[in-house]
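Visitor:
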Ligand code: GLA
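Residue numbers (this note's numbering): 238 to 627.
So, in structure tokens, the structure goes:
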């Protein structure tokens with residue numbers, strides 16, 4: 238659904254649910270990361286884009302209430318009630334911790350919307366590695382901005398949402414997902430320097446190429462501890478290399494310190510150091526429309542995530558192998574897993590004219606190899622969070 242269609246859909250659904258029209262509507266996109274994986278918490282570079290999939294929230298004041306009630310449009314999702322008269326803490330249902338964390342952060346900054354009736358609808362696949370959680374966090378923050386008329390600085394807003402994820406959802410994520418959901422720009426990728434937080438928009442509007450997003454339909458669960466483990470291994474490597482973070486290390490320094498660290502820590506660092514370099518090169522390749530080079534960097538990124546960082550899985554590897562098999566002759570420049578890993582989505586760079594044929598081939602071969610139905614779609618780079626009404 239496009240944003241105008243979503244606005245219409247949630248407005249009607251809100252009226253059916255609460256018996257009056259909504260006064261404010263906000264939306265925030267999910268994202269796909271083109272390259273630069275597991276580099277954000279190492280002060281490196283990332284190159285994501287916002288996608289045309291959104292968390293959308295419609296609301297109206299509930300003057301006689303001191304709570305924010307949130308209902309989801311999907312049946313069977315337990316509603317959430319967040320009492321503003323008490324300190325806002327993590328609670329149930331589990332999904333409510335994303336809005337809870339953001340509401341707590343907003344209240345701490347004097348952004349208090351009072352009682353609200355909220356309807357939530359999301360078109361970002363859950364647990365698909367497309368930042369459904371960041372979309373929900375950023376949407377909540379944007380909704381509260383709309384209701385209170387208080388606008389946060391975009392960096393502060395993204396950091397508030399990241400903090401919600403750390404403290405309320407227990408995932409020690411980096412800054413990529415929340416930044417791109419806030420700062421995405423239509424027809425652009427965002428080259429984000431996660432150390433200085435400087436952002437550079439990289440135009441991505443060459444009509445001869447398209448990005449395909451292939452959902453393996455294997456759910457990923459970043460809270461399982463593997464993500465935090467990777468972070469800790471990177472910190473160990475940086476300590477041994479005597480640098481503040483792996484951003485400051487280079488391949489030579491790593492090779493000379495190889496015998497001072499165990500092989501797993503060495504391989505984790507090798508991934509991060511190589512991936513930071515690949516990301517910068519990919520941004521240059523995209524600016525020059527050098528698609529074969531960008532594609533090769535994507536394959537190299539995947540191999541490194543699979544072998545050195547060990548965050549891929551059989552299904553993601555299957556998608557990348559199928560894409561590699563189709564190859565340039567069939568219209569595929571490159572393909573890699575995207576997001577935290579352990580399931581979720583892959584992203585492929587393809588010639589625009591081959592989107593249909595490539596999607597079909599991947600779907601069929603993936604089903605044959607894994608027995609699972611993939612979900613495949615393409616998206617142009619979308620704009621970041623926005624107030625749709627109010
Ligand atoms: C998750 C995190 C991000 C980033 C990616 C891996 O999406 O939320 O901060 O670390 O994994 O690149």
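Ideal Cβ positions, reconstructed from N, Cα and C, are used throughout, including at glycine.
1) Give me every residue whose Cβ sits closer than 5 angstroms to any heavy atom of the ligand GLA, in chain order.
2) Buried or exposed: which applies to residue 443, given that a residue is buried once 16 or more other Cβ atoms fall within 10 Å of its Cβ?
3) Please check the pair residue 325 and residue 341, which I expect to be a contact at CB under 8 angstroms, by giving their CB distance rounded to whole angstroms.
4) Below 7 angstroms CB to CB, which residues in the same chain sit around residue 244 once its five sequence neighbours on both sides are set aside?
5) Would you decide whether residue 476 is buried or exposed? Buried here means 16 or more other CB atoms lie within 10 Å of its CB.
6) Quick one: what's got a C-beta closer than 6 angstroms to residue 322's C-beta in the same chain, skipping five residues either side?
7) Would you list, in sequence order, the uninterrupted beta strand (DSSP E) runs of no fewer than 3 residues that lie entirely inside the region 410-455?
8) Are residue 269 and residue 367 touching if we call contact CB-CB under 9 angstroms?
9) Report the CB separation of residue 570 from residue 517 in whole angstroms; it is logged as a contact under 8 angstroms.
10) State the Cα-Cα distance for the pair residue 184 and residue 384, rounded to the nearest angstrom.
11) Is the beta carbon of residue 621 closer than 9 angstroms to that of residue 441?
12) Please confirm if the region 389-398 is in contact with the region 370-380, defined as three or more CB-CB distances below 8 angstroms between the two stretches.
13) Mapping the DSSP letters down to three states, classify residue 405 as helix, strand or coil.
14) Taking the beta carbon of residue 618 as the centre, do at least 16 other beta carbons fall within 10 Å, making it buried, or is it exposed?
15) Would you list, in sequence order, the uninterrupted alpha helix (DSSP H) runs of no fewer than 4 residues that lie entirely inside the region 542-574?
16) What residue does the alpha helix (DSSP H) around residue 500 start on, and which one ends it?
17) Given a threshold of 16 other Cβ atoms within 10 Å of its Cβ, counted over all protein chains shown, does residue 568 qualify as buried or as exposed?
18) DSSP state of residue 280, grouped into three classes?
19) So, is residue 317 buried or exposed, given that buried needs 16 or more other C-beta atoms within 10 angstroms?
20) According to DSSP, simplified to helix, strand and coil, what is residue 628?
21) Using DSSP bridges, identify the partner residues of residue 626.
22) Three or more C-beta pairs closer than 8 angstroms, one from the region 589-606 and one from the region 403-410: is that the case here?
23) Measuring CB atoms only, is the region 540-552 touching the region 284-296, in the sense that at least three cross pairs come out at less than 8 angstroms?
24) Excluding the five sequence neighbours on either side, which residues of its own chain have a C-beta within less than 6 angstroms of the C-beta of residue 357, listed in chain order?
25) What's the gap between the Cα of residue 577 and the Cα of residue 275?
26) I'd like to know whether the C-beta atoms of residue 286 and residue 417 end up nearer to each other than 9 angstroms.
27) Tell me the rounded alpha-carbon separation between residue 345 and residue 464.
28) Is residue 250 helix, strand or coil by DSSP?
29) Considering only residues of the same chain and omitting the five flanking positions on each side of residue 586, which have a CB-CB separation below 7 angstroms?
30) Determine the extent of the alpha helix (DSSP H) in which residue 596 is found, giving its start and end residues.
31) Tell whether a beta-carbon distance below 9 angstroms holds between residue 290 and residue 339.
32) Report all residues from its chain with a CB closer than 8 angstroms to the CB of residue 505; omit the five preceding and five following residues, and keep chain order.
33) From residue 613 to residue 328, what distance separates their C-alpha atoms?
34) Starting from residue 369 and walking both ways along the alpha helix (DSSP H), at which residues does that stretch end?
35) Out of curiosity, what's the CA-to-CA distance linking residue 563 and residue 455?
36) According to the neighbour-count rule (16 or more other Cβ atoms, all chains shown, within 10 Å of its Cβ), is residue 552 buried or exposed?
Guide: Here's the rundown:
1) Chain-ordered list of matching residues: 274, 275, 277, 410, 411, 413, 414, 576 and 577.
2) Under this definition residue 443 is an exposed residue.
3) About 4 angstroms; that satisfies the 8 angstroms criterion.
4) Excluding sequence neighbours, residue 244 sits near 262, 625 and 626.
5) Residue 476 is exposed by the Cβ-count criterion.
6) Counting only Cβ-Cβ distances below 6 angstroms, and skipping sequence neighbours, we find 303.
7) Listed in chain order, the complete beta strand (DSSP E) runs (minimum 3 residues) inside the region 410-455 are 425-430, 436-440 and 446-452.
8) Their beta carbons are under 9 angstroms apart, which means residue 269 touches residue 367 by this criterion.
9) Their Cβ separation, rounded to whole angstroms, is 18 angstroms, which puts residue 570 and residue 517 out of contact at 8 angstroms.
10) Nothing about residue 184 can be reported from this structure: the residues present for the chain run from 238 to 627 only.
11) Not a contact, by the Cβ cut-off of 9 angstroms.
12) Verdict: yes, contact present.
13) In the three-state reduction of the DSSP assignment, residue 405 falls in the helix class.
14) The residue is buried, with at least 16 neighbouring Cβ atoms inside 10 Å.
15) Qualifying alpha helix (DSSP H) stretches, in chain order: 551-563.
16) Counting along the chain, the alpha helix (DSSP H) containing residue 500 begins and ends at 500-524.
17) It is buried - the Cβ of residue 568 has at least 16 other Cβ atoms within 10 Å.
18) Annotated three-state conformation of residue 280 is coil, per DSSP.
19) Buried is the call here.
20) Any question about residue 628 goes unanswered here, given that the chain covers just 238 to 627.
21) Answer is 262, bridged to residue 626.
22) No, the region 589-606 does not touch the region 403-410.
23) Counting Cβ pairs under 8 angstroms, fewer than three are found: no touch.
24) Cβ contact annotation for residue 357 (same chain, cutoff 6 angstroms, sequence separation greater than five): 294, 307 and 309, in chain order.
25) Going from the Cα of residue 577 to the Cα of residue 275 covers about 7 angstroms.
26) In this structure, the beta-carbon distance from residue 286 to residue 417 falls below 9 angstroms.
27) Between the C-alpha atoms of residue 345 and residue 464 there is a straight-line separation of about 28 angstroms.
28) DSSP places residue 250 in helix when its eight states are reduced to three.
29) Result list for residue 586: 446, 448, 528, 531, 532, 535, 570 and 571, in chain order.
30) That run of the alpha helix (DSSP H) goes 592-607.
31) No; because the gap between Cβ atoms is not below 9 angstroms, this pair is not in contact.
32) So the list reads 467, 470, 471, 474, 545 and 546, once near-sequence residues are dropped.
33) Distance between the alpha carbons of residue 613 and residue 328: 34 angstroms.
34) Unbroken alpha helix (DSSP H) run through residue 369: 369-385.
35) Cα to Cα, the separation comes out at about 23 angstroms.
36) A residue is called buried when at least 16 other Cβ atoms come within 10 angstroms of its Cβ; residue 552 meets this threshold and is buried.
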